[in-house]
Structures are given as structure tokens and as C-alpha cells.
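Numbering (the numbering used here), first residue to last: 2 to 283.
Written out below as C-alpha cells is the structure these notes cover.
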Amino acid sequence: MLQLTPQTIRIVDVYDDGSHARHFTFEPKGFVHDNPISIGQFFMLTLPGVGLAPFTYTSIPDKTGRFNALIRNVGHLTEKLFSLGKGDVLGYNGPFGRGWPVGLIKHKEVLIVAGGCGLAPVAATIDYLINNGYSKSVTLLYATRDSASQVLKKERTRWSSSIKLIETLEVGGDSDHSGLPTQYLSHLLNKDDQYPDIVLTCGPEAMMMAVANSCVDLGLKTSDIWMSIERRMRCGVGLCGHCYVANSYACQQGPTYRYDEYLALESKTVAFEKDKVLFQYC
Ligand SMILES: Cc1cc2nc3c(=O)[nH]c(=O)nc-3n(C[C@H](O)[C@H](O)[C@H](O)COP(=O)(O)OP(=O)(O)OC[C@H]3O[C@@H](n4cnc5c(N)ncnc54)[C@H](O)[C@@H]3O)c2cc1C
Ligand code: FES
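And the structure:
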């Protein structure tokens, strides 16, 4: 059932993880998650007197309900959150939205392209694939501006022994690991090698679009590419209208979209903006 009153969770662990980013472990206080949580869904954190904001589960709740999140300090709410510590209590709602197509990616060659904090929304997927015996079919291309911007250090160290992990830096990488992630795609989408069946991408929207378009140029279908789209969100349940992607609510139909679905929505936005008659009535 839709539960809009925040429930209480406690911070049980917190540590710095990348510049301006922290790794949090939360534990429910006096409630159990009543809905199953799909990988790639998100939750809302409420700080009384400050506001609420959406964040991704970087791990699915364990038997005690504990889960992790990677949070970057960018503004009003996150700054206040960074002043809290172990034992502090917050409001929680969730899960919300549509997760990654986990059922589809089992038994497939999966290429994950993440940029910066965009690693957080794919972290639970990587763990799921490793824990279920699919690690040989997973390649992660993780791109950041510089080494200080890299996040989820402990997770990347753990993953590096089981999946193919390529880390690139825009600034300061060695000759094999520098530049933009799109530079590496022609090598990774090489038909003689392990050609991916499916690509998941998450990061700045411009990066995801460049990755998706390069993958299409290299032979992948738009229906084989998935991305997680970030919009400003307030209610998480299709009531406030903050999160439109054309006529879709990113909080409900997203945040993960298949690229062909996203392109169809984008073309509706363009058509809408061109339609002057409709526009006058807005
Ligand atoms: C589905 C979803 C999942 C998310 N998961 C994570 C996560 O796992 N970790 C994480 O660190 N962040 C995540 N975010 C982003 C996070 O919600 C924002 O960083 C947070 O709301 C900022 O709140 P604030 O009050 O600190 O910043 P504000 O003071 O509100 O804003 C600070 C700056 O960030 C910009 N901004 C704020 N929210 C957004 C947004 N949604 N899209 C684009 N720009 C924005 C503002 O325009 C402003 O420039 C997610 C967002 C969505 C929609
Ligand atoms: S966040 Fe309110 S409609 Fe999506």
C-alpha cells in the first residue's frame, strides 16, 4: 500500500567515499520493508525541517533491513545530512520507481558504463550478477574526471577480482586509461570479442546520451540500451509533476528507461514545443 508518511531509519555507519561523497548504512527503526525492493529503484530521505530528496539503494536491504547509499554533498539537504552521524534518525519512504531489467540481463553479456556518482545506481546490479554466478559476463567501464571523483572504493576493490573492470580518468590517467568513456567503446563493442547483448548506463545525462549513440553506431539496437535518468523529485508517486520526461513521470515510469522508449518520449517533447497552439494554452 502507498505509504506517504515517512518511517524512521537510523544511520548505523558512515564514511567518506570520494570527494564530497559519503557512504551511508541505514537501518529501519521499528518497521520492516513491506514491499520487495527491485534493483535500481530509489527511496526518499526526509530531514525534518529541511526537506526530502531521492537517493538510490546501492545495496538491497538485508534480512535486518539494513541497506547502503552513496550520497554526494551538493546542496541544502545533503549538507545537513553530512552534519549527521551514527545513531541519528531520519525519515524514509520507498521503494519508488522502476528498476533495472534484472530478469533480462541474466545469461547475457552485460556492459555497464557508469560516470562519477552514476556508479551508485548500478552497484546493486553488479553485486546481484556476481552473487548469482554471472560475473564472467559483466564488464564495467567506470569513468570519472579524476581519481578524487571516484566513489565506492571498497566495492570496486571487491568487484575487480570477479568482473572485467576498466577505470578511466579524464585527467591524470595513464595512456591506456585516460579520456572519455566513449573512446573505449569501439574496443569493447568489438564483434570478435565478447560483444555485449545489453548496455546499462548511468551518469551525467550528456555522458549517457553520448554512450548510447556510440553503442548504436557500433551496432547495438536502441532497445538493448538502458539508462537511469535523474530529474528533480518531490513526491515520488506521480502527484507533484516535478519529474516529467515528456508525458512520463520519471518517478514512476523511470528512473530507468530503455533508450528507444526515452527517444520516443524526447520526440514527443520536441513535437509539443513546436506546437504553438498547444503552447499558447500552457
Ligand atoms: C531517482 C534519483 C536517484 C538519485 N540517487 C542519488 C544517489 O544515490 N546519490 C546522490 O548523491 N544523489 C542522488 N540523486 C540526486 C539527489 O537527489 C540530489 O543530489 C539531492 O536531491 C540534492 O538535494 P540538496 O537539497 O542537497 O541540493 P539542492 O540544494 O536542492 O540543489 C543543489 C544543486 O543540485 C542540483 N540538483 C538537485 N537535485 C537535482 C536533480 N535531481 N537533478 C539535477 N540537478 C539537481 C540543483 O539544481 C542545485 O544546483 C538522485 C536523484 C534521483 C532523481
Ligand atoms: S516526483 Fe512528484 S510526480 Fe514524480
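Heads up, the beta-carbon is just placed ideally off N, CA and C, and yes, glycines get one too.
Please read these numbers as outputs of a predicted model, since none were measured by experiment.
> How would you label G82, buried or exposed, when you count the other beta carbons within 10 angstroms and need 16 or more for buried?
Replying inline: Translated into the one-based positions of the sequence shown, residue 82 becomes position 81. Sequence inspection shows Leu at residue 82; the Gly mentioned does not correspond to that position. Buried: at least 16 other Cβ atoms inside 10 Å.
> Less than 9 Å separating the beta-carbons of V212 and T169?
Replying inline: The residue you call residue 212 lines up with position 211 of the sequence shown. The residue you call residue 169 lines up with position 168 of the sequence shown. No, the pair does not count as a contact, with Cβ atoms beyond the cut-off.
> Among the residues of its own chain, which have a CB less than 6 Å from the CB of G119, if the five just before and after it don't count?
Replying inline: The count along the sequence shown starts at 1 and reaches residue 119 at position 118. So the qualifying residues of the chain are C203, G204.
> Does at least one heavy atom of ligand 2 sit under 8 Å from the Cβ of Y250?
Replying inline: The residue labelled residue 250 in the question sits at position 249 within the sequence shown. Yes; taking the cut-off as 8 Å, the Cβ of Y250 has a heavy atom of ligand 2 nearer than that.
> For C241, which residues of its own chain have a beta-carbon under 7 Å away from its beta-carbon, when the five flanking residues on both sides are left out?
Replying inline: By 1-based counting over the sequence shown, the position of residue 241 is 240. Correct list, in chain order: R235.
>> Considering only the alpha carbon of each residue, which of L53, R67, H21 lies closest to V33?
In response: Here residue 33 refers to the residue found at position 32 of the sequence shown. With distances taken between Cα atoms, V33 lies closest to R67.
> L112: which of R99, L53, K137 sits nearest, CA to CA?
Replying inline: The count along the sequence shown starts at 1 and reaches residue 112 at position 111. Ranking R99, L53, K137 by Cα distance to L112 puts K137 first.
> Do the segment 55-73 and the segment 219-227 touch if we need at least three Cβ pairs shorter than 8 Å?
Replying inline: no
>> Considering only their Cβ atoms, is the gap separating Y260 from M208 smaller than 9 Å?
In response: By one-based count along the sequence shown, residue 208 stands at place 207. By one-based count along the sequence shown, residue 260 stands at place 259. Contact flag unset, no.
> Under a three-way DSSP split, which group does Q253 fall into?
Replying inline: Start at 1 with the first residue of the sequence shown, and residue 253 comes out as number 252. It is coil, neither helix nor strand.
> Among all the DSSP beta bridges, which residues are the ones paired with Y93?
Replying inline: Your numbering for residue 93 matches position 92 in the sequence shown. Paired residue(s): Q8, L46.
>> On the DSSP bridge list, what partners appear for E28?
In response: Against the sequence shown, residue 28 aligns to sequence position 27. According to DSSP, which records beta bridges pairwise, E28 is partnered with R11.
> Got a list of residues with beta-carbon closer than 5 Å to any non-hydrogen atom of ligand 1, in chain order?
Replying inline: F43, A54, P55, F56, T57, I72, R73, V75, G76, H77, L78, T79, A121, E231, R233, M234, P256
>> Mapping the DSSP letters down to three states, classify L279 as helix, strand or coil.
In response: Taking the sequence shown and counting its residues from 1, the one referred to as residue 279 is at position 278. Its pLDDT being 44, under 50, L279 is placed unreliably by the model, and the measurement read from it follows with that caveat. Helix.
> Would you call Y256 buried or exposed, if buried means 16 or more other Cβ atoms sit within 10 Å of its Cβ?
Replying inline: In the sequence shown, counting from the first residue as 1, residue 256 sits at position 255. The sequence given here places Pro at residue 256; Tyr does not occur at that position. Buried: at least 16 other Cβ atoms inside 10 Å.
> Going by beta carbon distance, what residues of the same chain come within less than 7 Å of Q281, once the five residues before and after it are set aside?
Replying inline: Position 280 of the sequence shown, counted from the first residue, corresponds to residue 281. At Q281, the pLDDT of 34 sits below 50, so the modelled position is not reliable and the matter cannot be decided from this model.
> Between the C-alpha atoms of H178 and I167, what's the straight-line distance to the nearest angstrom?
Replying inline: Stepping through the sequence shown from its first residue, residue 178 is reached at position 177. Stepping through the sequence shown from its first residue, residue 167 is reached at position 166. Going by the C-alpha atoms only, they are around 8 Å apart.
> Which class does G116 belong to by DSSP, given the choice of helix, strand or coil?
Replying inline: For the purposes of this step, residue 116 is taken as residue 115 along the sequence shown, with counting starting at 1. Strand, per DSSP.
> Where do the N-terminal and C-terminal ends of the alpha helix (DSSP H) with L189 fall, by residue?
Replying inline: In the sequence shown, residue 189 corresponds to position 188, counting from 1. Its alpha helix (DSSP H) spans residues 186-189.
> Fully enclosed by the segment 198-264, which alpha helix (DSSP H) runs are 4 residues long or longer?
Replying inline: 206-218
> Between G41 and V123, is the Cβ-Cβ spacing less than 9 Å?
Replying inline: Start at 1 with the first residue of the sequence shown, and residue 41 comes out as number 40. Start at 1 with the first residue of the sequence shown, and residue 123 comes out as number 122. Yes. Within cutoff.
> Since L142 is in the beta strand (DSSP E), which residue starts that stretch and which ends it?
Replying inline: Stepping through the sequence shown from its first residue, residue 142 is reached at position 141. Its beta strand (DSSP E) spans residues 139-145.
> Comparing alpha-carbon positions, which option in L46, S268, Q254 lies nearest W101?
Replying inline: As a working mapping, residue 101 is identified with position 100 in the sequence shown. Cα-wise, what sits closest to W101 is Q254.
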